[in-house]
DNA sequence: TCAATGTATCGACGTTTGTCAATATGTATG
DNA sequence: CATACATATTGACAAACGTCGATACATTGA
């Protein structure tokens, strides 16, 4: 919703403040954690990689199912989580559901992991549908 | 162990290959996923942020416990996971255990999320003690 | 409208996770 | 050695997760 500073690896302010200063507020931490958790599964990492490495940078469930060797409902389940985390976008074309990687989200994550603690615009993550 | 290419968001090779080409091998995906999963909890994100934002970029458990409002065993548990993921390093000084952020690991993650799909040196992640 | 096909949802299952109280380990200090 | 204090480990519990078979929904084409 709002823009937050997320200093993961270096302080924004000079020094001398107590531990609590510069702390990520719990709300932002929750949102960011959801995205990282979506990446925290080998299958989902592979799915994301598969989509990204496609010639046209997109893939449908049938392709992915074959590639990761899991059943179709399982792949759909994982894709839903990736969409919910805003890491991927779904588009229905004919009978097929095509997925593309959302670069903006990857950028937010890279920013969050930056040593120089830039501005992490958490609001860019909210485009994924809220899950469960 | 070895150095792997991890093309999350863009293909390394020109095009025209089937879905399986450029796929992250399962082993690398597992290692990377462990690190992302460590970031996939709001409390651990806050802990990491707290450590990083300390004036001397380090913190002991007692400080962290007070800051996140959880019990000491819980914080120790989370710190163990962060160490296991290689996101943090533990150093015993006197009675206290001090934790510092491992910048190398953050860099590996940023690389993994890079659109231009650089070299993600997975081996840098193996310094964390294997857990469980 | 019916059949075929791609995808999503549901219900179930074993496993993993986050949290805590209780207890053990380790480190200084009297 | 004994005591105090900081941290780690253990065991327990509820909640969340990954996976699947069965089934429902949606889109296309005959």
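Residue numbers (the numbering used here), protein chains in the order written: chain A, 1 to 132; chain B, 1 to 132.
Ideal Cβ placement from N, Cα and C applies to all residues, glycine included.
Taking 7 Å as the cut-off, the beta carbon of residue 50 of chain A is found no closer than this to the beta carbon of residue 38 of chain A. The three-state secondary structure of residue 58 of chain B, taken from DSSP, is strand. Using a C-beta cut-off of 8 Å, the region 67–83 of chain B makes no contact with the region 40–48 of chain A, since fewer than three inter-stretch Cβ pairs fall below that distance. Within the region 36–49 of chain B, contact with chain A at the beta-carbon level (separation under 9 Å) is assigned to 36, 37, 38, 39, 40, 41, 42, 43, 44, 45, 46, 48, 49.
Per DSSP, reduced to three states, the secondary structure at residue 97 of chain A is strand. For residue 111 of chain B, the enclosing alpha helix (DSSP H) stretches over residues 103–112. For residue 74 of chain B, no chain A residue has a Cβ inside 7 Å of its Cβ, as the nearest lies near 15 Å away. Closer than 7 Å to the CB of residue 30 of chain B there is at least one CB belonging to chain A. In summary, residue 102 of chain B is buried, with 16 or more beta-carbon neighbours lying within 10 Å of its beta-carbon over all protein chains present.
Residue burial is scored here from C-beta neighbours: residue 27 of chain B has fewer than 16 other C-beta atoms within 10 angstroms and is therefore classed as exposed. Sixteen is the threshold: when 16 or more other Cβ atoms of the shown chains lie within 10 Å of the Cβ of residue 40 of chain A, as they do, the residue is buried.
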